[in-house]
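Protein chains in written order, with full-length UniProt numbering: chain A, 1 to 428; chain B, 1 to 428.
Read the structure below first, then the notes.
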Ligand SMILES: NC(=O)c1ccc[n+]([C@@H]2O[C@H](COP(=O)([O-])OP(=O)(O)OC[C@H]3O[C@@H](n4cnc5c(N)ncnc54)[C@H](OP(=O)(O)O)[C@@H]3O)[C@@H](O)[C@H]2O)c1
Ligand SMILES: NC(=O)c1ccc[n+]([C@@H]2O[C@H](COP(=O)([O-])OP(=O)(O)OC[C@H]3O[C@@H](n4cnc5c(N)ncnc54)[C@H](OP(=O)(O)O)[C@@H]3O)[C@@H](O)[C@H]2O)c1
């Protein structure tokens, strides 16, 4: 049996998962590869902290990356530290030394995936990153190796477990956003500073990665227009339910003759659609190709062992490639993307506004919409007895620019107290 | 740009789909591969029929397989004829001539997949068959290249579109099995002789293929215990609904310390489970690995272009492998399977029986169950005014052998007219 030594950069949730997984499934994995895998070194920064962890005895802990990059026995380096710059520097050094790399780092791949793949190819090493999108769910490799006969039209994902947990909880229990966030933090689904998740940045990085592969276009996180769930109120969830929808944070990449759009925002999606049923902290990615039609991938988008499952499968692929003396880095093709102006992106919208409970309010609002040629699909005004009332309007598909302009004008009306929310309806 | 010539064996639904797909997406595909793909020859048997089809002019039609196997320019052969023996013979001849093969043929792969993969390896050619399971849905390659870090515990699929269409229709509209089958035939979802689909054979072949790959075990269609949907009545669907379930034809592969079981049968699955929401002719495969947890793959399991999507992706993988001078045939590992006796397989059951509307019936039936230590979870006796009544019982998880023995004894009771159905409840 051949032998391969690997190193881990980082030993947190995912790194420890990789160690545990290899302990659990080692024999099955080694039998498939005819290769023994040894985790030789692990990079950490706080020696006392990790000496307390019960790691296998034969693993050498180090706080100096040079110990790893200069160890010629180490053929594969698994980067599970997070953050972009230090990780990028380490990975480039590994490539130069002829080491293949597996990474779970979406921050890094969303910004530098393409140059790193090019560099790996030049250095004749392998670079794989299945875990960077939707954790354990196989989606990165299927995108470029199983769906690549298609022209991709649409990729829609629920790719952030924290926000899906919060929204599902608000939907199932009627609790407020604040309470749901607090519960998610208590249960370890959300970080102390939840910005990265609730503001949609994390989902934005993942959709940039998938769209780069699916659309063969040089896209980065910068190209994604991002909006979070902080503004979703229990009222919105209930109105959605009454109208036959649920609210999800969707990451949406679309491509047609006019160009590409990349968006993350909360959206109405009709009950009964497979994405609407993705509950709790689960993730799902819905893909539409011009031949395969609609395909969905569903599973756990995070967690120690699920994410390690993807990381170790990548390691296995690298070893299979090494064993036959090739690198798996294909020549990826990337075009310069033509991004659609965000103002031109059309969708039906749900609008909720707080207004004076007075005659003429409805006609003033609908006059503004009519002026912008926005047509109303349905309108609910709750029978209020107080002096303020709530109006909920569903408008037909309209361009974001027009909708935003109309909302500004409506907000300026004397009878309108505030625009409480404007949420797109995603029709798939 | 490099050039590769391929041949098709067969030009029916899938073969024509391959021709259409290459016409639609050719440039995108060739750019990814840096290789021009030409369909040089197509094997058919009825020349006049295919001369009438509007196939591209440069394709050479032939009724003689020798024209293809002896053409040294043809590097890849796409087998989309169906049936096992002639196809197997053709594929072996291709391998011997150094040609790689892509096949969509589940009948063939379920019985001869393993020996063919071995032979491909010996002949240093590639053999791929993504389309043989669940059409366009990527599942075969993800199973062996993305989930292979896991010990697979369970694979549960809705893998036959015809039966899912029929059952979904019965559920949504209240129609009888016979009417739903007739409608499926009229709409082209079911063949004139629907046996292969409605009796569960087609799903059985697919689960044999997936379990072979997922469990690393030498399994064939022969190892699958198969039961179809012919006996599902509208009453069963309605009772299921009342109890919070839907009825689906499931293909189930399970593995634990005691061995492997492979089954196809109609089953109760609780509403709200992702598999319960798979409607119409859609397919889904639900996989549980010991690390990744639950993962589901969903999409169109049949159809001309969806299936061609999988076939052409396979062709693309073969070309990528050829371009770097390797075959993609990995060394698959297969153990001799230890199959569990079917009698030992446990599940809760739904039982429906038609009985005399007379005192003492319930106590006689429950006495038989009690004698076999089968406990009743719930029981419904409809308040009937006629002389026959219907009893519906949900029993706790019990071994199939005991259940069948009890049902025999219950059927022998004088007060019992017939056991109308016994359907397993699948708890995932
Ligand atoms: N957690 C998931 O479910 C999940 C899913 C998919 C992808 N990912 C990605 O996987 C990566 C790792 O995530 P994680 O959840 O495992 O993070 P984590 O629990 O915070 O672990 C990170 C590890 O890297 C170490 N580290 C960070 N910076 C370092 C440096 N400069 N030098 C040495 N060691 C350093 C940390 O050490 P300290 O203990 O000293 O901080 C810790 O051991 C991230 O890119 C993340 O986005 C995670
Ligand atoms: N249809 C789907 O959606 C689907 C999905 C997944 C997998 N598959 C698999 O793909 C394969 C093809 O399916 P299909 O639906 O395309 O079948 P089909 O429509 O019946 O087409 C079969 C083609 O092969 C030809 N053929 C059959 N036997 C032949 C022989 N001995 N010599 C020469 N030509 C022969 C047929 O010619 P004639 O016209 O003379 O009969 C026809 O052109 C099957 O293995 C099937 O299980 C199909």
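All C-beta atoms in this analysis are idealised placements derived from N, C-alpha and C, irrespective of residue type, glycine included.
Of the candidates A:305, A:323, A:338, A:412, A:305 places its Cα closest to the Cα of residue 25 (chain A). Counting the other CB atoms within 10 Å of its CB gives residue 241 (chain A) a total below 16, which places it among the exposed residues. In this structure residue 158 (chain B) touches residue 248 (chain B) by the C-beta definition: roughly 6 Å separates them, less than 8 Å. Beta-carbon to beta-carbon, residue 421 (chain B) and residue 377 (chain B) are separated by about 17 Å, too far to satisfy the 8 Å threshold. When rounded, the separation of the alpha-carbon atoms in residue 254 (chain A) and residue 154 (chain A) is 5 Å. Within the region 136-167 of chain A, 136, 137, 138, 141, 142, 145, 146, 147, 148, 149, 150, 151 place their CB atoms closer than 8 Å to a CB of chain B, listed in sequence order. Taking a beta-carbon distance threshold of 9 Å, residue 77 (chain B) does not count as an interface residue toward chain A. The criterion of a C-beta distance shorter than 9 Å is satisfied by residue 10 (chain A) and residue 43 (chain A). Less than 9 Å divides the Cβ of residue 194 (chain A) from the Cβ of residue 184 (chain A).
By the Cβ rule, the region 115-122 of chain B does not count as touching the region 108-128 of chain A, because fewer than three pairs are nearer than 8 Å. The closest CA to that of residue 130 (chain B), considering only B:2, B:315, B:66, is found on B:315. Scanning its chain for C-beta atoms nearer than 8 Å, with the 5 sequence neighbours on each side dropped, one finds around residue 51 (chain B) the residues 61, in chain order.
The DSSP-derived three-state label of residue 243 (chain B) is coil. Judged by beta-carbon spacing, residue 125 (chain B) lies within the 9 Å limit of residue 101 (chain B), meaning their Cβ atoms are closer than that value. The nearest non-hydrogen atom of ligand 2 is 8 Å or more from the C-beta of residue 138 (chain B). Boundaries of the alpha helix (DSSP H) around residue 17 (chain A): 13-33.
Taking a C-beta distance under 9 Å as the contact criterion, residue 426 (chain A) and residue 347 (chain A) qualify as a contact pair. The nearest non-hydrogen atom of ligand 2 is less than 8 Å from the C-beta of residue 11 (chain B). If you compare the alpha carbons of B:160, B:104, B:394 with that of residue 280 (chain B), the shortest gap goes to B:160. Just measuring C-alpha positions, the residue of A:40, A:46, A:70 sitting nearest residue 56 (chain A) is A:40. With distances taken between CA atoms, residue 19 (chain A) lies nearest to A:311 out of A:411, A:394, A:361, A:311. Within 10 angstroms of the beta-carbon of residue 274 (chain A) lie 16 or more other beta-carbons, which makes it buried. By the beta-carbon neighbour count (other beta carbons within 10 angstroms, threshold 16), residue 133 (chain A) is buried. Among the CB atoms of chain B, one or more fall inside 9 Å of the CB of residue 320 (chain A). When the Cα atoms are used, residue 59 (chain B) and residue 375 (chain A) turn out to be separated by approximately 52 Å. Rounded to whole angstroms, the gap between the alpha carbons of residue 335 (chain B) and residue 356 (chain B) is 52 Å. Considering only beta carbons, the part of the region 18-51 of chain B lying closer than 9 Å to chain A consists of 20, 21, 22, 24, 25, 28, 29, 31, 32, 33, 34, in chain order. A direct Cα-Cα distance of roughly 9 Å separates residue 382 (chain B) from residue 392 (chain B). Residue contact with chain A for residue 292 (chain B): present (Cβ-Cβ distance below 9 Å to some residue of chain A).
Contact between residue 15 (chain A) and residue 8 (chain A) holds, with the beta-carbon distance rounding to 5 Å and staying under 8 Å. By the Cβ criterion, the region 76-83 of chain A is not in contact with the region 285-305 of chain A, since fewer than three pairs of Cβ atoms, one from each stretch, lie closer than 8 Å. Taking 8 Å as the upper bound for CB-CB distance, residue 313 (chain B) and residue 145 (chain A) are in contact here, some 7 Å apart.
Distances from the CB of residue 268 (chain B) to the heavy atoms of ligand 2 are all 8 Å or more. In the DSSP assignment, residue 294 (chain A) forms a beta bridge with A:288.
Within chain A, the residues 320 have their CB atoms less than 7 Å from the CB of residue 330 (chain B), given in chain order. The shortest CA-to-CA distance from residue 320 (chain A) to any of B:343, B:149, B:67, B:2 is the one to B:149.
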